[in-house]
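As given, the protein sequences belong to chains A and B, one line each in that order.
Mapping of the first sequence onto this note's numbering: position 205 corresponds to residue 205, and the numbering continues sequentially without gaps.
Mapping of the second sequence onto this note's numbering: position 3 corresponds to residue 3, and the numbering continues sequentially without gaps.
Input: a single structure, listed below in structure tokens.
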Amino acid sequence: MALVEIRNLVKIFPLGESIFGGGATSQVRAVDDVSLDISPGETLGLVGESGSGKSTLGRLALRLIEPTSGSIKFDGGDLLAAGAGEMRRLRRDMQIIFQDPFGSLDPRMRVEEIVSEPLIIHESLSLSVRRSRVAELLRTVGLDQSAGRRFPHEFSGGQRQRIGIARALALRPRFIVADEPVSALDVSVGAQIVNLLAQLQREFGLTYLFISHSMPVVRYLATRIAVMYRGKLVEVGPTLQITTQPSHPYTRTLLEATPEVVM
Amino acid sequence: MSSAAISLGRTARHNPLASAGVVLVAMFAIFALFAPWIAPQDPANIDLPSRLQAPSSSHWCGTDELGRDIFSRLIYGSRISMLVGSCVVAVSLLLGLIVGSIAGYYGGGIDRFVNIVVMNAFLSFPGILLAIAFVAFRGPGIFNLVLALSLGGWVGYARLVRAQVLAAREREFVEAAKALGASDLRVIVRHILPNIIQPVIVQAAIGMAGAILAEATMSFLGLGVPPPTASWGTMLNDGRSHLFDAPHLVLFPALTVMLAVLSFNFIGDALRDFLDPRSRIEAGL
Chain A
1 MALVEIRNLV KIFPLGESIF GGGATSQVRA VDDVSLDISP GETLGLVGES
51 GSGKSTLGRL ALRLIEPTSG SIKFDGGDLL AAGAGEMRRL RRDMQIIFQD
101 PFGSLDPRMR VEEIVSEPLI IHESLSLSVR RSRVAELLRT VGLDQSAGRR
151 FPHEFSGGQR QRIGIARALA LRPRFIVADE PVSALDVSVG AQIVNLLAQL
201 QREFGLTYLF ISHSMPVVRY LATRIAVMYR GKLVEVGPTL QITTQPSHPY
251 TRTLLEATPE VVM
Chain B
1 MSSAAISLGR TARHNPLASA GVVLVAMFAI FALFAPWIAP QDPANIDLPS
51 RLQAPSSSHW CGTDELGRDI FSRLIYGSRI SMLVGSCVVA VSLLLGLIVG
101 SIAGYYGGGI DRFVNIVVMN AFLSFPGILL AIAFVAFRGP GIFNLVLALS
151 LGGWVGYARL VRAQVLAARE REFVEAAKAL GASDLRVIVR HILPNIIQPV
201 IVQAAIGMAG AILAEATMSF LGLGVPPPTA SWGTMLNDGR SHLFDAPHLV
251 LFPALTVMLA VLSFNFIGDA LRDFLDPRSR IEAGL
């Protein structure tokens, strides 16, 4: 059974809404009738150009934004029917890693506070237990324990992304949306992060929705690939099939546009 | 933090007005806290034979029409100014933070109602007029005075906070906190407010100057603290009838009010310059 089951999902953003709450003059269909299954343990690569609705779909899957219509099931339960309290509990199992490692960490918090925040919200642990959990998490993502006392601006982009990953892992989630986690990093650092994500998947049995515009990265990490174009899902299939025998012309364009990089 | 301390020191050297402001505010604060030990005489001690005396070595700022020592009364007056000023700023700030955060964070209909209806309604009256009406209705006294001045004061903070929250809630670390399952209260208090507090502090420093001036105005109109408590505004009113035969009755309280207002404005300006990275770059810090 699929861990995440998305059916006929639509998200329409109004454009040019008046300050008096009048009707929007125009709208954009960011996600247009998308249906998608994500199986436990797999990495589904979601590719498409900028503005194709990939990130919107990722946030919809976590219900960080409300869809206009359609349904989302997480582990068999209707995600959109969950109340505020239940939704907060469900967040333990679903996390997100952001594209921008500079914007996604609160600049006024120490790394320790950032990584322990999910534990504070969801688990009542004593300070010493929490401290040791944070230290363990930092070690898991390849950071030194001493990083905890420092502020995010003292770290490089790759290290910050590791902090973001540690925070996402803190509650041992089952499903992680990785929203272009390496596109803001340079290639070698990005490769390290991709390898870390692959290693964590093996260790913790994670399920990824890996959003990217880079075909080589997705090809390396994903077990299946979904291609999005202008809000619509144009093609879904196993990585090998999509990369070698793409059936949709847009997928072909996307493949031809990316230079061959052996990873 | 040490680098911040260093550039704060530099700011002080590059900005003598700010240093003067800090020194003056510290002086007024010490006056307010230790008035009974600093004041040379009892501010309420009436000495009719030596009334309306010009400044001398025994009365540094002269005496008023009841023979009370003006210098001592000024020192005691700083108690009222500082107390009312800081309470007004605290109450306005608290109200402004709460209302502004709610309007900015939730947006939509709540925001439109608070921003367009409530705030504009308060802004359409001069704050001092609202305060006069309030005191006339509730009667004088420190508590009512603080409430009266906060009534018009909170809107400025609420507008500022709303605008800042509106921008901050779109930042990615706020979304990250929501994705972790943080409650709205936690997102606002732990993530948004610490990141928007700097301009609010600047506004509070400048607001302190406004509050002191407003307190003096209210006391001048007889709507402040009841006599015989010394207040700068009351002293100005008392001296009004002797403007030509004993101008020191008006001169010294007026100078004191001016200095207090100026010093808080200097501090506010300097804080704004210090916290605004663009002007720091221009100043070569």
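In this text, a Cβ means the ideal position worked out from N, Cα and C, and glycines have one as well.
{"Check": "Endpoints, the alpha helix (DSSP H) within which F290 (chain B) is located", "Outcome": "As shown, chain B starts at 1 and ends at 285. That puts residue 290 (chain B) outside it, with no answer to give."}
{"Check": "Proximity test, Cβ basis, 8 Å: D100 (chain A) and chain B", "Outcome": "yes"}
{"Check": "DSSP three-state assignment for N15 (chain B), whether helix, strand or coil", "Outcome": "coil"}
{"Check": "Separation of M109 (chain A) from Y157 (chain B), as counted between CA atoms", "Outcome": "25 Å"}
{"Check": "Chain A residues whose Cβ lies nearer than 7 Å to that of R169 (chain B)", "Outcome": "Simply none; closest approach about 13 Å."}
{"Check": "Rounded Cβ spacing between R162 (chain A) and V141 (chain A) (contact assumed at less than 8 Å)", "Outcome": "4 Å"}
{"Check": "N195 (chain B) at chain A interface by Cβ criterion, 8 Å", "Outcome": "yes"}
{"Check": "Below-8 Å beta-carbon distance, L285 (chain B) vs any chain A residue", "Outcome": "With a pLDDT of 45 at L285 (chain B), under the threshold of 50, the modelled position of this residue cannot be trusted; read the value that follows with caution. So no, L285 (chain B) is outside the interface."}
{"Check": "CB contact below 8 Å: L180 (chain B) versus chain A", "Outcome": "yes"}
{"Check": "Contact set between A176 (chain B) and chain A, taken where Cβ atoms lie within less than 7 Å", "Outcome": "F98 and S104"}
{"Check": "Through-space distance from H153 (chain A) to G284 (chain B), alpha-carbon basis", "Outcome": "The pLDDT assigned to G284 (chain B) is 49, lower than 50, so where the model puts this residue is not dependable; a value taken from the coordinates is nonetheless given after this. If I take the Cα positions, the gap works out to 22 Å."}
{"Check": "Test: F113 (chain B) CB closer than 8 Å to a CB of chain A", "Outcome": "no"}
{"Check": "Inter-residue spacing [alpha-carbon to alpha-carbon] between D269 (chain B) and W154 (chain B)", "Outcome": "20 Å"}
{"Check": "Any chain A beta carbon closer than 8 Å to H191 (chain B)", "Outcome": "yes"}
{"Check": "Under 7 Å (Cβ pairs) to chain B, residues found in the stretch 113 to 130 of chain A", "Outcome": "E117, P118, I121 and H122"}
{"Check": "A163 (chain B) to L57 (chain A) span [Cα, whole Å]", "Outcome": "29 Å"}
{"Check": "For H213 (chain A) and G48 (chain A), believed in contact at Cβ under 8 Å, the rounded distance", "Outcome": "7 Å"}
{"Check": "Inter-residue spacing [alpha-carbon to alpha-carbon] between D78 (chain A) and L166 (chain B)", "Outcome": "31 Å"}
{"Check": "Bridge partners - S72 (chain B), DSSP secondary structure assignment", "Outcome": "None, per the DSSP bridge assignment."}
{"Check": "Contacting residues, own chain, Cβ-Cβ under 7 Å from R131 (chain A) (five flanking each side not counted)", "Outcome": "none"}
{"Check": "Those residues which DSSP pairs with Q95 (chain A) across a bridge", "Outcome": "A:I176"}
{"Check": "Continuous beta strand (DSSP E) stretch holding R29 (chain A): start and end", "Outcome": "S26 to I38"}
{"Check": "Whole-Å CB distance - V10 (chain A) paired with G70 (chain A), under 8 Å assumed", "Outcome": "5 Å"}
{"Check": "Short CB-CB distance (under 8 Å) between P238 (chain A) and chain B", "Outcome": "no"}
{"Check": "Assigned secondary structure, L209 (chain A) (DSSP; H/G/I helix, E/B strand, else coil)", "Outcome": "strand"}
{"Check": "Test: E65 (chain B) CB closer than 8 Å to a CB of chain A", "Outcome": "no"}
{"Check": "Short Cβ contact (8 Å threshold) for M215 (chain A) with K54 (chain A)", "Outcome": "no"}
{"Check": "Chain-ordered neighbours of P14 (chain A) on chain B, where CB pairs are closer than 7 Å", "Outcome": "By Cβ distance, chain B contributes nothing, its closest Cβ being about 13 Å from P14 (chain A), past 7 Å."}
{"Check": "Proximity test, Cβ basis, 8 Å: F173 (chain B) and chain A", "Outcome": "yes"}
{"Check": "Beta carbon proximity, P181 (chain A) to chain B, threshold 8 Å", "Outcome": "no"}
{"Check": "Under 7 Å by beta carbon: chain B residues contacting Q27 (chain A)", "Outcome": "Chain B residues near Q27 (chain A): none, gap ~17 Å exceeds 7 Å."}
{"Check": "Interface flag, D173 (chain A) vs chain B, CB-CB below 8 Å", "Outcome": "As written in the sequence, residue 173 (chain A) is Pro, which differs from the Asp given in the question. Taking Cβ atoms only, chain B never reaches closer than 8 Å to P173 (chain A), which makes this a no."}
{"Check": "Check whether I267 (chain B) and A18 (chain B) have beta carbons under 8 Å apart", "Outcome": "yes"}
{"Check": "Residues of the stretch 145 to 170 of chain A whose Cβ lies closer than 8 Å to any Cβ of chain B, in chain order", "Outcome": "G164 and R167"}
{"Check": "Chain B contact residues for R91 (chain A), given Cβ-Cβ distances below 7 Å", "Outcome": "A179, L180 and G181"}
{"Check": "Cα-Cα separation between K232 (chain A) and R91 (chain A), rounded to whole angstroms", "Outcome": "27 Å"}
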